[in-house]
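Written below as structure tokens is the structure these notes are about.
Residue numbers (our numbering): 437 to 660.
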């Protein structure tokens with residue numbers, strides 16, 4: 437049905453499913469606005485209820501995805517929600533549904549400022565909705581340049597802002613090979629011979645995955 441995300445899930449390989457976005461997903465905010473509308477009669481009878489009614493409708497909209505995800509949640513060990521670095525109904529829906537948040541930080545001043553603003557926004561979301569219950573799993577630094585004084589300074593500022601323990605030990609460096617994956621896809625070692633650049637990237641992300649898993653285990657979010 438239109439309200440069942442299970443039919444949209446695509447199996448990629450063993451132990452990996454994907455719920456892909458599509459072109460029409462840009463209309464998701466419109467769908468929510470049409471589906472959850474304020475009670476005009478209630479507001480007309482009691483104009484002072486406008487603010488509370490709009491707050492109720494907003495929560496209905498941003499909680500919709502979480503309710504759909506709940507239907508398939510037990511089938512997975514981990515669900516990763518990837519959202520654009522903007523404050524929107526997409527981000528709000530992800531925050532409402534998540535248990536842990538990873539903040540991605542590019543080593544540039546605007547990104548650091550944005551991460552600080554986003555951290556404050558997360559706190560507002562946490563305080564505003566009783567059903568929102570998440571923790572910050574960590575801050576993931578993405579270096580735009582290797583051995584750059586500015587990048588190093590941004591990292592030091594991030595440690596001061598968020599705490600040194602908040603930053604992941606595994607740092608993602610800028611790598612040209614990553615851009616190629618948008619065009620060619622990610623090679624499966626069992627099917628395609630990987631070169632040294634592929635192996636390096638796979639190793640880095642494998643180490644990051646291990647660190648994420650260990651952090652989840654330390655919070656009793658995973659078994660085994």
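Note that CB positions come from ideal geometry on N, CA and C, so glycine has one too.
| field | Any alpha helix (DSSP H) of 4 or more consecutive residues that is wholly inside the segment 450-520 | value | 464-471, 476-481, 486-506
If you run the structure through DSSP and keep just helix, strand and coil, what is residue 642? helix
Practice item. Closer than 8 angstroms by C-beta to residue 657: which residues in its own chain qualify, once you throw out the five before and the five after it? Chain order, please. Key: 535, 536
Apply the 10 Å Cβ neighbour rule to residue 574 and answer buried if 16 or more other Cβ atoms are within range, or exposed otherwise. buried
Give me whichever residues DSSP pairs with residue 608 in a beta bridge. 578
### Message
Taking the alpha carbon of residue 553 as the reference point, which residue from 580, 523, 563, 576 has its own alpha carbon closest?
### Response
523
>> Please classify residue 591 as buried or exposed, where buried requires at least 16 neighbouring CB atoms within 10 angstroms.
In response: buried
- Item | Exposed unless 16 or more other CB atoms sit within 10 angstroms - verdict on residue 571 | exposed
### Message
Among the candidates 529, 549, 555, 525, whose CA atom is the shortest distance from the CA of residue 538?
### Response
555
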